[in-house]
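Protein chains in written order, with this note's numbering: chain L, 1 to 240; chain Y, 241 to 356. Take a look at the structure below.
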Amino acid sequence: MRIFEDQNNTKTKLSMTDEVKVIEIKKSIFEDNEKDADALRAELKRKGVFLLNLMSSPGSGKTTTLIQTIGLLKDKLRLAVMEADIDSDVDARKIKEATGIPSIQLHTGGMCHLDAEMTRQGLDHVALDGLDLVILENVGNLVCPAEFDTGSVKNAMILSVPEGHDKPLKYPLMFSICDVVVINKMDVLPYFDFDPEKCKEYVHMRNPKAQVIPICAKTGEGVEVFAQWLEDEVKQWKQQ
Amino acid sequence: MHELGIVFYIIKDVKQAALDNAVSKVSGVVMNIGEVSTIVPDYLQDCWRWAADKEDLLKGAELKINTIPAVTYCEDCHSEYGTVEHGKICPYCGSEHTYLLRGNEVEIKEIEVPNQ
Ligand SMILES: Nc1nc2c(ncn2[C@@H]2O[C@H](COP(=O)(O)OP(=O)(O)OP(=O)(O)O)[C@@H](O)[C@H]2O)c(=O)[nH]1
Ligand SMILES: [Mg+2]
Ligand SMILES: [Zn+2]
Ligand SMILES: [Zn+2]
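Next up, the structure:
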């Protein structure tokens, strides 16, 4: 058995069997993304731009919540939005029409999540100079966006009432990486057997530090709590 | 589809490893895939065949999957148990204070190179 040093200085072992040589790799496929994400975070820190990664299932209310949140924050913070979608630009146009703030559409080309490299490519199209905050609307999906660090400073997710209060049990990783869990569509609570207390309890089983914020994005009720959290986080981070 | 994205990451890493080891042909890639990693092995195979055959380095290369059983640890009674059968609740003491020890790996274990 010979040992090679590769360029990244990780050891790859080479062993011989009869028909094939085996090169041992032992590398998680998430490893490169984690490095890219850390590099992007450091770069954004130097530029003073806070990146929020907003995730949810399809249709939970990311775009509606963003429009309400932007309305509350746009006089306080200079912000932009990046919309990731498999293949459309409906959300980016909606944000721009409703709020007037710059919004760009990222196409993931069929991919069900964004990774740090795709996020960086998207940010290249955003005029970052003088911005305080970029909000990324990730692809609607509770599974793999949780596995791929985008380089964000904070992660937030939206769970809507019709999806049921047991989602934290079914998608543990998503809930464990989110700093905030917004519960949206509180207006339809009477029609569903969604138990907000049970939901909160399940969220805290996954992540005791997560803040749970019930809202109705349609009317804007409760959105001020989320907007305040975000404003405080951005200001605190900028002072660090 | 999630698995296709995963296949692109695998191909990227295998290409790098081939370059580092001056290898021009790969005949097999062995993966460690955890039971609760959210990856469906059959889909992964399908995506692999489609994407790998587009690469000279990987044309015809076989994807071999080692499944890593998922094991959860109970903080209250310090036992280990199978995650897939019992989930989050410890079957020995009923506690919910448990965490996953292993079983969410998506890891390239090794690559196989034809012996000239
Ligand atoms: N009843 C009710 N409907 C809402 C609320 N918030 C959003 N909706 C509706 O839910 C649907 C989806 O909302 P979006 O904001 O587009 O959701 P999204 O998460 O951005 O969706 P995708 O980008 O497609 O994943 C729309 O028809 C909204 O009008 C709410 O608080 N109450
Ligand atoms: Mg949307
Ligand atoms: Zn994915
Ligand atoms: Zn136990």
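Each residue gets a CB set at the ideal place from its N, CA and C atoms; glycine is no exception.
request  = For H326(Y), return the contacting residues in chain L, with the cut-off set at a CB-CB distance below 9 angstroms.
outcome  = Under the 9 angstroms cutoff, chain L gives no residues; its nearest Cβ is about 14 angstroms from H326(Y).
message = Tell me the residue span of the alpha helix (DSSP H) that contains F50(L).
response = Careful: F50(L) lies outside any alpha helix (DSSP H), inside the beta strand (DSSP E) at F50 to S56.
ask   = K255(Y) versus chain L: which residues are under 9 angstroms apart at the beta carbon?
value = Those within 9 angstroms of K255(Y) in chain L number zero; the least Cβ separation is about 12 angstroms.
Residues near P102(L) by beta carbon distance below 8 angstroms, same chain, minus five either side = A80, V81, K96, V126 and A127
The region 25 to 45 of chain L: positions lying closer than 8 angstroms to chain Y by Cβ = I25, K26, K27, S28, I29, F30, D32 and N33
task = Count the C-beta pairs between the region 232 to 240 of chain L and the region 201 to 215 of chain L that are closer than 8 angstroms, then say yes if the count reaches three, no if not.
result = No, they do not touch.
request  = Report all residues from its chain with a CB closer than 6 angstroms to the CB of E302(Y); omit the five preceding and five following residues, and keep chain order.
outcome  = G268.
inquiry  = ligand 1 and N53(L): does any heavy atom of the ligand fall closer than 7 angstroms to the residue's C-beta?
reply    = no
ask   = Interface residues of chain L around K349(Y) at Cβ under 8 angstroms?
value = E24, I25 and K26
inquiry  = Below 9 angstroms on C-beta distance, what does H113(L) contact in chain Y?
reply    = Simply H242 and G245.
message = Between S267(Y) and chain C, is the shortest Cβ-Cβ distance under 8 angstroms, so that the two count as touching?
response = Among the protein chains of the structure shown, namely L and Y, there is no chain C.
query = Out of S60(L), K35(L) and K167(L), which has the shortest C-alpha to C-alpha gap to K218(L)?
reply = S60(L)
query = When DSSP labels each residue in this structure, what does D85(L) get in the three-state scheme?
reply = Here D85(L) sits in strand by DSSP.
request  = Throw me the rounded Cβ distance for the E298(Y) and I251(Y) pair, which I believe falls under 8 angstroms.
outcome  = Reading the sequence as shown, one finds Leu at residue 298(Y) and not Glu. The Cβ separation is near 7 angstroms, so the contact holds.
ask   = What do you get for S56(L), buried or exposed, if any count of 16 or more other CB atoms within 10 angstroms of its CB means buried?
value = buried
inquiry  = Quick check on the contact list: which residues have their beta carbon closer than 5 angstroms to a heavy atom of ligand 3?
reply    = C112(L), H113(L), C144(L), H242(Y) and G245(Y)
key: Sequence-distant residues of its chain with Cβ nearer than 7 angstroms to A116(L) (five each side left out)   = N33, D36, A37, L40, D149, T150 and G151
key: Residue-chain proximity (C199(L), chain Y), Cβ-Cβ < 8 angstroms   = no
query = So which residues of chain Y does M205(L) contact, with C-beta pairs closer than 7 angstroms?
reply = E336
query = Is the beta carbon of C287(Y) within less than 7 angstroms of some heavy atom of ligand 4?
reply = no
query = What's the C-alpha gap between E347(Y) and M271(Y)?
reply = 6 angstroms
Cβ distance (whole Å) where E244(L) is taken to contact L54(L) below 8 angstroms = Within the shown structure, residues of chain L are numbered from 1 to 240, placing residue 244(L) beyond reach of any answer.
request  = Taking C-beta pairs closer than 8 angstroms, name the residues in chain Y that L106(L) reaches, listed in chain order.
outcome  = For L106(L), there are no C-beta contacts with chain Y under 8 angstroms, since the nearest C-beta of that chain is about 15 angstroms from it.
message = Using only the alpha-carbon positions, how far apart do A227(L) and L131(L) sit?
response = 17 angstroms
request  = Please decide whether M1(L) counts as near chain Y, where near means a Cβ-Cβ distance under 8 angstroms.
outcome  = For M1(L), the pLDDT reaches just 29, beneath the cut-off of 50, and the residue's location in the model is therefore unreliable, leaving the point undetermined.
Straight-line Cα distance separating E275(Y) from C287(Y) = 19 angstroms
ask   = chain Y beta carbons: is any one of them nearer than 8 angstroms to that of L142(L)?
value = Closer than 8 angstroms to the CB of L142(L) there is not a single CB belonging to chain Y.
query = If you measure from the beta carbon of V20(L) to each beta carbon in chain Y, is any gap under 8 angstroms?
reply = So yes, V20(L) belongs to the interface.
request  = Determine the closest residue to R342(Y) out of N355(Y), V254(Y), G334(Y) and T323(Y), with distance taken between C-alpha atoms.
outcome  = T323(Y)
ask   = Mind pulling the chain Y residues with CB within less than 9 angstroms of L169(L)?
value = The contacting residues are G327 and K328.
message = Nearest by alpha-carbon distance to L44(L): which of I215(L), D91(L) and L123(L) is it?
response = L123(L)
request  = With DSSP as the reference, label R206(L) as helix, strand or coil.
outcome  = helix
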